[in-house]
Each structure stands twice: as C-alpha cells, then as structure tokens.
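Engineer: FYI, in this note's numbering the residues of the sequence shown are 1382 to 1590. Quick reminder that beta carbons are idealized off the backbone N, C-alpha and C, glycines included. Please read all numbers here as calculations on a predicted model, not as lab measurements.
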Amino acid sequence: MDNELKLLIGKDEKIIYAGKPNKKCFIFESIFNPLLPFALIWGIIDFGFIGASFSSKDEHIGFFLVPFMLLHLMPVWIYLGGALLSFRRYQNTNYIITDKAIYASGGVFSKHYNSKPFAELSHVDLHRGIFDQWFGVGDVITTSAQANPVTRNGRTTSTNAGISIDSISNYIEVYNIVKKLQQDVYTDVMYPNDLRPRENHGYNTKYRG
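1. At what residues does the alpha helix (DSSP H) containing Ser1467 begin and finish?
2. Residues in the same chain with beta-carbon distance under 7 Å from Ile1522, minus the five sequence neighbours each way, listed in chain order, please.
3. Determine, using beta carbons only, whether Arg1469 and Gly1487 come nearer to each other than 8 Å.
4. Decide if Asn1475 is buried, meaning its Cβ has at least 16 other Cβ atoms within 10 Å, or exposed.
5. For Asp1383, count the other beta carbons within 10 Å of its own beta carbon; 16 or more makes it buried, fewer makes it exposed. Which is it?
6. Can you tell which of Pro1456, Asp1513 and Phe1430 has its C-alpha closest to the C-alpha of Phe1409?
7. Taking Ser1503 and Ala1482 to be in contact with their CB atoms under 8 Å, please state how far apart those CB atoms are, rounded to whole angstroms.
8. In angstroms with no decimal places, state the Cα-to-Cα distance between Val1518 and Val1489.
9. For the beta strand (DSSP E) holding Ile1396, just list the boundary residues, first then last.
10. In three-state terms, what does DSSP make of Asp1520?
11. Drop a sphere of 10 angstroms on the beta-carbon of Gln1564, count the other beta-carbons inside from all chains shown, and report buried for 16 or more, exposed for fewer.
12. Would you list the one or two residues that DSSP bridges to Lys1497?
13. What residue range is occupied by the uninterrupted alpha helix (DSSP H) comprising Ser1411?
14. Quick check on the burial criterion: 16 or more other C-beta atoms within 10 angstroms. Buried or exposed for Thr1537?
15. Nearest by alpha-carbon distance to Asn1551: which of Leu1389, Ala1399 and Asp1393 is it?
16. Going by C-alpha to C-alpha distance, which of Ile1478, Asn1557 and Gly1424 sits closest to Ser1394?
17. Where does the unbroken beta strand (DSSP E) through Leu1386 begin, and where does it stop?
18. Comparing C-alpha positions only, which one of Gly1429, Tyr1484 and Ile1459 sits nearest to Ile1396?
19. According to the Cβ coordinates, are Ser1467 and Ser1548 closer than 8 Å?
20. Would you mind working out which of Pro1456, Lys1561 and Ser1491 sits nearest Leu1416, comparing C-alpha positions?
21. Using only alpha-carbon positions, find the residue among Phe1449, Phe1428, Tyr1460 and Val1447 that is nearest to Pro1418.
22. Check this for me: beta carbons of Leu1446 and Ile1431, under 8 Å apart or not?
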C-alpha cells in the first residue's frame, strides 16, 4: 500500500480495498498500445530516408538530413519513451477504496494523487480488453455525476470522467464493492432516508406527458 496515498484518507474512513494493477497486463498494454502501428510505420519510412541519404553520392546530404530526420522521428521517441517508462508508471500506480471514496496514484517522474467521493459518482462500469481477458484481469471504470474542470494544452474543458481502477485480478469483487457503495452513498445524497416516504404512489402510474 502506498503510504503517501494512505495519508489522504480521512480518519473516519475505513479501508475496504487496496491494490495495484497486474504487472504483466499493465506493461503489455503500455507496449502494445494503439500508437505502436503508427510509430512502426513512421520509423520504417524515416529510417529508409536516412539510409538512402547515406547511400547517395553526395555525402554531405546525409549530415544535413540526419538531424532533421531524428527530430522528425518524434512520434517514435514518444512511443519508445512510454514503453520504456511503463515499469516506472506501474510502480507509482496504486488504488485504495474506502467506505466513502476511491483514491488513486500515478505518474512517471512526478506522482499525482486523485480522489473521488462516492457521492459524486453516478455510474460504475466493468471493462475487459484483449489483454485483460488474456491475463484474467479487468477494469472498473467510474463516471462522475458532475463535470470537473480539466486543463489541456492551455485550454480548460470539463469532463465527467471518474477514477478508473485498471488491470486488477479481483475485478468482479471490486466492481461489486464500488457499485454497492456508489448506489448507497449516491442515492442517500440525492434522496436522504429521512425524506423518503414509506409508500411511493407514483411508481406504477402511467406517464401522461
């Protein structure tokens, strides 16, 4: 359990689950991601140009072209950097579920910590990709009931994304835990027990517009 992530938990909260992603699945998904085919094709084309420049009769062309092509290979370097640093990201990724919220940590060089109270979560979904099924793991994905501001490329946008608990082995158990807590807490916030009528006469009525 991440001690720094644990410090974010309130004194009145009870830890129900603490864990990390499956290492093999996490690293495989980092290596075999959608950027791989693009980086592979990009690299083949660029290295072809570099090889052709050195085989040219004019030797000076290669010395001028290589620095440009190395910069032009940026998508390849980005992919390789993400793949090579996947183990570092795995080390920094941790999840904690309490009776009130979900906590998660991540990052490569710097660590970031996220928390999301169950009172703000409206949906809980279960996702299993190709590698998830291969390694017998799954992702528990939550959706926030309210839009949260996110800054990307200098622009502030809003998103309803919650916290995703990725590549965990006991995904069914964790899904049921999160789903029950989300339903109990979110429902109680939207309609407190003390305000609920003993009978709901509108349940079986027909909608008349």
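Structural biologist: So, from the listed chains and residues:
1. Walking along the sequence shown from the start, residue 1467 turns up at place 86. Segment Ser1467 to Asn1473, the alpha helix (DSSP H) holding Ser1467.
2. In the sequence shown, the residue the question calls residue 1522 occupies position 141. These residues qualify, in order along the chain: Asp1506, His1508 and Ser1545.
3. Numbered from its first residue, the sequence shown carries residue 1469 at position 88. Numbered from its first residue, the sequence shown carries residue 1487 at position 106. No; because the gap between Cβ atoms is not below 8 Å, this pair is not in contact.
4. Your numbering for residue 1475 matches position 94 in the sequence shown. Buried, because 16 or more other Cβ atoms sit within 10 Å of the Cβ of Asn1475.
5. Numbered from its first residue, the sequence shown carries residue 1383 at position 2. With 16 or more Cβ atoms within 10 Å of its Cβ, Asp1383 is classed as buried.
6. If you number the sequence shown from 1, residue 1409 lands on position 28. Considering only alpha carbons, the answer is Asp1513.
7. Working through the sequence shown from its first residue, we reach residue 1503 at position 122. Working through the sequence shown from its first residue, we reach residue 1482 at position 101. Wrong, their Cβ atoms sit about 15 Å apart, outside the cutoff.
8. For this step, residue 1518 is matched to residue 137 along the sequence shown. For this step, residue 1489 is matched to residue 108 along the sequence shown. Their Cα atoms are separated by approximately 23 Å.
9. Stepping through the sequence shown from its first residue, residue 1396 is reached at position 15. Ile1396 to Gly1400 is the span of the beta strand (DSSP E), which, as asked, contains Ile1396.
10. Counting from one through the sequence shown, the residue named residue 1520 turns up at place 139. Strand.
11. Position 183 of the sequence shown, counted from the first residue, corresponds to residue 1564. By the neighbour-count rule (16 or more Cβ atoms within 10 Å), Gln1564 is not buried but exposed.
12. Taking the sequence shown and counting its residues from 1, the one referred to as residue 1497 is at position 116. Note: Lys1497 sits in a beta bridge opposite Ile1483.
13. Residue numbering aside, residue 1411 sits at position 30 when the sequence shown is read from its first letter. Counting along the chain, the alpha helix (DSSP H) containing Ser1411 begins and ends at Lys1404 to Ile1412.
14. In the sequence shown, the residue the question calls residue 1537 occupies position 156. At Thr1537, the pLDDT of 42 sits below 50, so the modelled position is not reliable; the number obtained from the coordinates is stated separately. Classification for Thr1537: exposed.
15. Walking along the sequence shown from the start, residue 1551 turns up at place 170. The candidate whose alpha carbon is nearest that of Asn1551 is Ala1399.
16. Residue mapping note: residue 1394 aligns to position 13 of the sequence shown, counting from 1. The question names Ser, yet the displayed sequence has Glu at residue 1394. Of Ile1478, Asn1557 and Gly1424, the residue nearest in Cα terms is Ile1478.
17. As a position in the sequence shown, residue 1386 is number 5, starting the count at 1. Leu1386 -> not in any beta strand (DSSP E); alpha helix (DSSP H) instead, spanning Asn1384 to Lys1387.
18. Numbered from 1 along the sequence shown, position 15 holds the residue referred to as residue 1396. Taking only the C-alpha atoms, the option nearest Ile1396 is Tyr1484.
19. Taking the first residue of the sequence shown as 1, we reach residue 1467 at position 86. Taking the first residue of the sequence shown as 1, we reach residue 1548 at position 167. Contact flag unset, no.
20. Position 35 of the sequence shown, counted from the start, is the residue given in the question as residue 1416. When only C-alpha atoms are compared, the closest one is Pro1456.
21. Position 37 of the sequence shown holds residue 1418. It is Tyr1460.
22. Taking the sequence shown and counting its residues from 1, one reaches residue 1446 at position 65. Taking the sequence shown and counting its residues from 1, one reaches residue 1431 at position 50. Result yes, Cβ atoms of Leu1446 and Ile1431 sit closer than 8 Å.
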